[in-house]
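Worksheet: the structure to be examined is printed underneath.
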Amino acid sequence: PPQTPIRAAMTSIQQLRGDLISTGDQPSTNLATYFKNCTVDPTQDVVKRLETLGQTFSQRFGQAVGPRCVILGKQRFTLGVRLYYKVMEAMLESEEKRLSVQNFSKLLNDSTFHTSLLACALEVVMATYGGSSFKAGGYSHGGGGGDTAETDVCFPWILDVFSLAAFDFYKVIESFIKADPTLSKDIVKHLETCENLIMERIAWRTGSPLFELLKQEHEGGAAEQVETPAS
Amino acid sequence: SHDYHFGLEDHEGISELFDCD
């Protein structure tokens, strides 16, 4: 049968759910071992953070889409958590191979890392359900939005929900794509569009941590860099 | 597969991006 937007969306949703069916709502044995190998075991903080962010997410999803859809928000959050654990494990395996270390205590106790990774997983889930549209309000990229309630929860909505700096979200995108080779072409394209939006606009808004980093880089680098203006 | 351009070098990963190698 000919491919229609509805059929394509249904296929993507089925594929995502299928990929995550074997992934539990808890860290796998392998991921739990990475947690245990840390100087400071992050397990409790990870669980607590997911509880807090889960409540915030469901509440805000209900506000955006409608109070009757709170259950849908919870289902999407559950899928997002599964993807978060799956990708985290793959990232750590890849880092273990690259760095030959098994103790990722600093990274796994970094709240911003976890929030960014979870936000990226949820963005993938939301984009799979809602299609690759972007929130209205001046963004020229994306598939033109549409007028369904789904557009209210499209990027960069998740950044606002988790009070996450776009610059921190940006950091996980590439590693996320590398760590999950099962992501569809459309989802990769969606994440790439998020990346472009951040790079071109969102990261440059007032209050972005990027300005402080640039300042530090400029101050710290001035003595080291002796390149001429021409180079 | 997809056309995503990977910009990170082989010696860079998520640990460096969050300043904890």
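In order, the protein sequences belong to chains P and S. Add 7 to the 1-based position in the first sequence for our numbering, that's all there is to it. Add 454 to the 1-based position in the second sequence for our numbering, that's all there is to it. We put the beta carbon where it would ideally sit given N, CA and C, even for glycine.
Got a sec, what are the start and stop residues for the alpha helix (DSSP H) residue i sits in?
i                : result
Glu470 (chain S) : Ile468 to Leu471
Val168 (chain P) : Trp164 to Val168
Pro12 (chain P)  : Pro12 to Asp26
Asn37 (chain P)  : Thr36 to Lys43
Leu57 (chain P)  : Thr50 to Val72
Asp175 (chain P) : Ala173 to Ala186
With a threshold of 7 angstroms on Cβ separation, who are the neighbours of residue i within its own chain once the five nearest residues in sequence on each side are excluded?
i               : result
Asp26 (chain P) : Thr189
So, using beta-carbon positions, are residue i and residue j closer together than 8 angstroms?
i                : j                : result
Ser65 (chain P)  : Lys81 (chain P)  : yes
Glu181 (chain P) : Leu462 (chain S) : yes
Tyr458 (chain S) : Val195 (chain P) : yes
Leu38 (chain P)  : Phe84 (chain P)  : no
Ser215 (chain P) : Ala172 (chain P) : yes
Ala71 (chain P)  : Asp159 (chain P) : yes
Leu114 (chain P) : Ser469 (chain S) : yes
Leu99 (chain P)  : Tyr136 (chain P) : no
Phe174 (chain P) : Ala210 (chain P) : yes
At a threshold of 7 angstroms, does residue i count as lining the ligand MG (C-beta to nearest heavy atom)?
i               : result
Asp32 (chain P) : For the structure depicted, the ligand MG is absent and the ligand set is empty, with no information on it obtainable.
Keeping to the same chain, check which residues put their C-beta closer than 6 angstroms to that of residue i; ignore five residues upstream and five downstream.
i                : result
Tyr177 (chain P) : Ile205
Pro34 (chain P)  : Tyr92
Can you name, in chain order, every residue of its own chain whose Cβ lies under 8 angstroms from the Cβ of residue i, other than the five neighbours on each side?
i               : result
Arg24 (chain P) : Leu86
(request) Would you list, in sequence order, the uninterrupted alpha helix (DSSP H) runs of no fewer than 4 residues that lie entirely inside the segment 90-123 of chain P? (result) 112-115, all fully within the segment 90-123 of chain P.
(message) At 4 residues or longer, what runs of the alpha helix (DSSP H) sit wholly inside the segment 190-221 of chain P?
(response) The segment 190-221 of chain P contains these whole alpha helix (DSSP H) runs: 192-207.
(request) Using a Cβ-Cβ cut-off of less than 8 angstroms, list which residues of the segment 69-103 of chain P approach chain S; keep chain order. (result) Of all residues in the segment 69-103 of chain P, the ones placed with a Cβ closer than 8 angstroms to any Cβ belonging to chain S are Met98, Ser101 and Glu102, in chain order.
(request) Could you run through the segment 175-186 of chain P and flag, in chain order, every residue whose CB is less than 8 angstroms away from some CB of chain S? (result) If the cut-off is 8 angstroms between Cβ atoms, the segment 175-186 of chain P has Lys178, Val179, Glu181, Ser182, Ile184 and Lys185 near chain S.
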